[in-house]
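Report on one structure; see the data block that follows.
Protein chains in written order, with our numbering: chain Z, 1 to 286; chain D, 1 to 286.
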């Protein structure tokens, strides 16, 4: 069986660091394509380029991917231009731009840099012991069990028509921060819940690039529905996730000048922080 | 009078999007050059390129700058290669790489993307009213007055010899999180204090790129002194700062796998959040 995520983020080498992709309509939301899905396409192109350019280093895992969104993507053909910036012993950095042809002209959708390494090697015994001694590990929020949470796929059909993306996820929202779904936002700027992919594809480091942008914009919880275009999003993958339900939290702390930051944390089923991201996005115009 | 910051971050157009710079020895710390200073050099090159490429747009201010650090810079000649990725009505995005020649070979130090716009226009009356109605604005910590705080320039001379950087800043550390300076770290992973430049140069949007990386690594407060090399740092400038003392807070919440994230917030003298950053850095080896 091929999972949706693997099928839809596939890239094909086209020579000179170029990788072709097909942005699948299932990841569309409103007037664009989900940003996390696009990050995963970029991530797979970077991984392919590193496997080709520095095959012996084993730099297979994203540690940091920072993406500047320059125009809205649409479903259909796309390609990623990659260029190895520098490769060291522990990390390699690649410049990667996602483009789509519009009337025969290449239009950059996302300009990114990615630093990859090897997450298995990062977690050597010594550093984990040191971290345990320091005792600093951000803890997940306490949520009601998944069966008592609000399932995203239960959204009304007219909503799912503009957001087919909802069918890709098995998100269960914490009822305490899901009031926006029935017109009663908590106005705390917080959305959190359990996360898994709808077809139960296990999460891995690459899929975490998707997970950090998989919830609705946190502005929904501020009574500001509508699309919140991302200017920039940086994701850090901190560890490979254990199997099972993940917990995802999105939060904003400052809305000003028409912009807001959205911080995201992802914990795996064992309560370990596995990814963080922050994005700067445009406040919806209501 | 020319302030140190302006003199030392100056760039000179060298054609085809290249800008030459001279990394000044005053910003050296340990085996490298301060990251925030390098971000400011990158920022000035991006601003110069935008002034040249799209002069009518007025995209003079950094909104987001994300930087992947690929090797340690040294004092001396350097240059920034810039390339306009995309320019829209509100924002322009530029790719910018800082390089230094080593034995005649260009070595990339930092690979970055920057999205610039106009902060004065961002703060239109409507969006500020909306934000006020929402009531979300991260508040600064309460600190003792500057005169009761620990001045960074009071460090012992042998320490300042390896960190001439200390003389650039007028940082006053909150005594509650400055115990690391006398071997008694609080072990909370938090360093905060008042900030100004030593020569009292007023802070502006470009200088905030420096401020987000102007405190010692937060690992000092975890009993892990030593250099903490940055893998990636993204800064968001949220508003132009009012004159006077700024407040800066650095904090980490998760140390794992030999890496930690360091979040930074900067507030201006009126208590407004003016910049945020997050970096992923390597845990010092002690």
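Virtual Cβ for every residue (Gly too), placed ideally from N, Cα, C.
Exercise. Which residues, taken in chain order from the region 232 to 261 of chain Z, show a beta carbon closer than 8 angstroms to some beta carbon of chain D?
Worked result: Using a CB distance below 8 angstroms, the part of the region 232 to 261 of chain Z facing chain D consists of 232, 234, 236, 238, 239, 252, 253, 254, 255, 256, 257, 258, 259, 260 and 261, ordered along the chain.
Exercise. By the criterion of Cβ-Cβ separation under 9 angstroms, what are the contact partners of residue 142 of chain Z in chain B?
Worked result: This model lacks chain B altogether, as its protein chains are Z and D.
Exercise. Between Z:204, Z:215, Z:71 and Z:114, which lies nearest to residue 280 of chain D when the distance is taken from Cα to Cα?
Worked result: Counting from one through the second chain, the residue named residue 280 of chain D turns up at place 280. For the options Z:204, Z:215, Z:71 and Z:114, the alpha carbon positioned closest to that of residue 280 of chain D is the one of Z:114.
For this session: Assess, as a yes-or-no matter, whether the region 70 to 88 of chain D is touched by the region 20 to 37 of chain D under the definition of 3 or more beta carbon pairs within less than 8 angstroms.
Result: Yes, they touch.
For this session: Would you give the residue range spanned by the alpha helix (DSSP H) that residue 159 of chain Z belongs to?
Result: Here residue 159 of chain Z refers to the residue found at position 159 when the first chain is read from its first residue. Note, residue 159 of chain Z: alpha helix (DSSP H), 157 to 162.
Problem set entry | Contact check, residue 221 of chain Z vs residue 177 of chain Z, beta carbons under 8 angstroms | One-based indexing of the first chain puts residue 221 of chain Z at position 221. One-based indexing of the first chain puts residue 177 of chain Z at position 177. The Cβ atoms of residue 221 of chain Z and residue 177 of chain Z lie closer than 8 angstroms to each other.
For this session: Return helix, strand or coil for residue 66 of chain D, following the three-state DSSP convention.
Result: On the second chain, position 66 is the one that residue 66 of chain D refers to. Three-state DSSP puts residue 66 of chain D in a strand.
Exercise. If you count every other CB in all the chains shown that lies within 10 Å of the CB of residue 189 of chain Z, and 16 or more means buried, which is it?
Worked result: One-based indexing of the first chain puts residue 189 of chain Z at position 189. That one is buried.
Exercise. Does the distance from the CB of residue 248 of chain Z to the CB of residue 274 of chain Z come in under 8 angstroms?
Worked result: As a working mapping, residue 248 of chain Z is identified with position 248 in the first chain. As a working mapping, residue 274 of chain Z is identified with position 274 in the first chain. Their beta carbons are not under 8 angstroms apart, which means residue 248 of chain Z does not touch residue 274 of chain Z by this criterion.
For this session: Return yes when at least one heavy atom of the ligand GDP lies under 7 angstroms from the C-beta of residue 183 of chain Z, else no.
Result: With respect to small molecules bound, the structure shown includes none, and the ligand GDP cannot be examined in it.
Problem set entry | Residues that residue 191 of chain Z bridges to, as DSSP identifies them | Taking the first residue of the first chain as 1, we reach residue 191 of chain Z at position 191. DSSP output for residue 191 of chain Z lists Z:250 as bridge partner(s).
Exercise. Is there at least one Cβ from chain D nearer than 8 angstroms to residue 100 of chain Z's Cβ?
Worked result: In the first chain, residue 100 of chain Z corresponds to position 100, counting from 1. Cβ-Cβ to chain D under 8 angstroms: no for residue 100 of chain Z.
For this session: Measure from the C-beta of residue 18 of chain D to each C-beta in chain Z and report whether the shortest distance is under 8 angstroms.
Result: Residue 18 of chain D sits at position 18 when you count from the first residue of the second chain. Put simply, the CB of residue 18 of chain D is far from chain Z, with every gap to its CB atoms at 8 angstroms or more.
Problem set entry | Cβ-based burial, residue 1 of chain D [other Cβ within 10 Å; buried from 16] | In the second chain, residue 1 of chain D corresponds to position 1, counting from 1. So residue 1 of chain D counts as exposed.
Exercise. Hey, is the region 97 to 108 of chain Z in contact with the region 51 to 63 of chain Z, meaning 3+ C-beta pairs nearer than 8 angstroms?
Worked result: With a cut-off of 8 angstroms, the region 51 to 63 of chain Z and the region 97 to 108 of chain Z do not count as touching, because too few Cβ pairs lie within range.
Exercise. Do you know whose CA, among D:198, D:34, D:42 and D:137, lies nearest residue 13 of chain D's CA?
Worked result: As a first step, residue 13 of chain D must be located in the second chain, where it is residue number 13. The residue among D:198, D:34, D:42 and D:137 with its C-alpha nearest the C-alpha of residue 13 of chain D is D:42.
For this session: Would you kindly report the start and end of the unbroken alpha helix (DSSP H) that includes residue 15 of chain D?
Result: For this step, residue 15 of chain D is matched to residue 15 along the second chain. No alpha helix (DSSP H) holds residue 15 of chain D; the beta strand (DSSP E) holding it covers 12 to 15.
Problem set entry | Inter-residue spacing [alpha-carbon to alpha-carbon] between residue 214 of chain Z and residue 159 of chain D | Taking the first residue of the first chain as 1, we reach residue 214 of chain Z at position 214. Taking the first residue of the second chain as 1, we reach residue 159 of chain D at position 159. Distance between the alpha carbons of residue 214 of chain Z and residue 159 of chain D: 47 angstroms.
Problem set entry | At least 3 beta-carbon pairs within less than 8 angstroms: the region 168 to 188 of chain Z vs the region 226 to 238 of chain Z | Segments in contact, no.
For this session: State buried or exposed for residue 139 of chain D, treating a residue as buried only when at least 16 other CB atoms are found within 10 Å of its CB.
Result: Locating residue 139 of chain D in the second chain gives position 139, where the first residue counts as 1. By the 10 Å Cβ count, residue 139 of chain D comes out exposed.
Exercise. By Cβ distance, which residues of its chain are closer than 6 angstroms to residue 242 of chain D, with the 5 residues on each side in sequence left out?
Worked result: Locating residue 242 of chain D in the second chain gives position 242, where the first residue counts as 1. Cβ contact annotation for residue 242 of chain D (same chain, cutoff 6 angstroms, sequence separation greater than five): 268, 269 and 270, in chain order.
Exercise. What is the rounded straight-line gap between the Cα of residue 147 of chain D and the Cα of residue 141 of chain D?
Worked result: As a working note, residue 147 of chain D is residue 147 in the second chain. As a working note, residue 141 of chain D is residue 141 in the second chain. So the alpha carbons of these two residues sit roughly 17 angstroms apart.
Exercise. In terms of alpha-carbon separation, which member of D:117, D:32, D:68 and D:25 lies closest to residue 259 of chain Z?
Worked result: Translated into positions along the first chain, residue 259 of chain Z becomes position 259. In this structure, D:117 is the residue among D:117, D:32, D:68 and D:25 with its C-alpha nearest to the C-alpha of residue 259 of chain Z.
For this session: Can you give me the Cβ contacts of residue 3 of chain D inside the same chain, cut-off strictly under 6 angstroms, excluding the 5 residues immediately before and after it?
Result: For this step, residue 3 of chain D is matched to residue 3 along the second chain. Closer than 6 angstroms at the Cβ level, and outside the excluded window around residue 3 of chain D, lie 199 and 201.
Exercise. Within 8 angstroms (strictly less), CB to CB, does residue 203 of chain D reach chain Z?
Worked result: In the second chain, counting from the first residue as 1, residue 203 of chain D sits at position 203. At a cut-off of 8 angstroms, the C-beta of residue 203 of chain D has no neighbouring C-beta in chain Z.
Problem set entry | Neighbour list for residue 276 of chain Z in chain D, Cβ cutoff strictly below 7 angstroms | Against the first chain, residue 276 of chain Z aligns to sequence position 276. What residue 276 of chain Z touches in chain D: 261.
Exercise. Helix, strand or coil: how does DSSP classify residue 215 of chain Z here?
Worked result: Within the first chain, residue 215 of chain Z is the residue found at index 215, counting from 1. The answer is coil: DSSP assigns residue 215 of chain Z none of H, G, I, E or B.
For this session: Can you tell me which of the three DSSP states residue 224 of chain Z falls into?
Result: Within the first chain, the letter at position 224 stands for residue 224 of chain Z. Coil at residue 224 of chain Z, not helix or strand.
Problem set entry | N-terminal and C-terminal residue of the alpha helix (DSSP H) that residue 41 of chain D is part of | As a position in the second chain, residue 41 of chain D is number 41, starting the count at 1. Going by DSSP, residue 41 of chain D is part of the alpha helix (DSSP H) stretching over 35 to 53.
For this session: Measure the alpha-carbon distance for residue 134 of chain Z versus residue 35 of chain Z and round it to whole angstroms.
Result: One-based indexing of the first chain puts residue 134 of chain Z at position 134. One-based indexing of the first chain puts residue 35 of chain Z at position 35. Each residue's CA atom was taken as its position, placing residue 134 of chain Z and residue 35 of chain Z some 35 angstroms apart.
Exercise. Between the Cα of residue 111 of chain D and the Cα atoms of Z:86, Z:119, Z:156 and Z:168, which residue gives the shortest distance?
Worked result: Your numbering for residue 111 of chain D matches position 111 in the second chain. Distance check between residue 111 of chain D and each of Z:86, Z:119, Z:156 and Z:168 places Z:86 closest, using alpha-carbon atoms only.
For this session: May I have the straight-line CA-CA distance separating residue 253 of chain Z from residue 97 of chain Z, to the nearest angstrom?
Result: Sequence index remark: in the first chain, residue 253 of chain Z carries index 253 (1-based). Sequence index remark: in the first chain, residue 97 of chain Z carries index 97 (1-based). Residue 253 of chain Z and residue 97 of chain Z have their C-alpha atoms some 30 angstroms from each other.
For this session: Determine the direct distance from the alpha carbon of residue 26 of chain Z to that of residue 167 of chain D, and round the result to whole angstroms.
Result: Numbered from 1 along the second chain, position 167 holds the residue referred to as residue 167 of chain D. Numbered from 1 along the first chain, position 26 holds the residue referred to as residue 26 of chain Z. If I take the Cα positions, the gap works out to 56 angstroms.
Exercise. How about residue 70 of chain Z: is its C-beta nearer than 8 angstroms to some C-beta of chain D?
Worked result: For the purposes of this step, residue 70 of chain Z is taken as residue 70 along the first chain, with counting starting at 1. Output row for residue 70 of chain Z: interface = yes.
For this session: Check whether the Cβ atoms of residue 71 of chain D and residue 234 of chain Z sit closer than 8 angstroms, and answer yes or no.
Result: Looking up residue 71 of chain D in the second chain gives position 71. Looking up residue 234 of chain Z in the first chain gives position 234. In this structure, residue 71 of chain D sits away from residue 234 of chain Z, with a CB-CB distance that is not shorter than 8 angstroms.
Problem set entry | Unbroken beta strand (DSSP E) run spanning residue 116 of chain D, endpoints | Translated into positions along the second chain, residue 116 of chain D becomes position 116. Residue 116 of chain D -> beta strand (DSSP E) spans 105 to 117.
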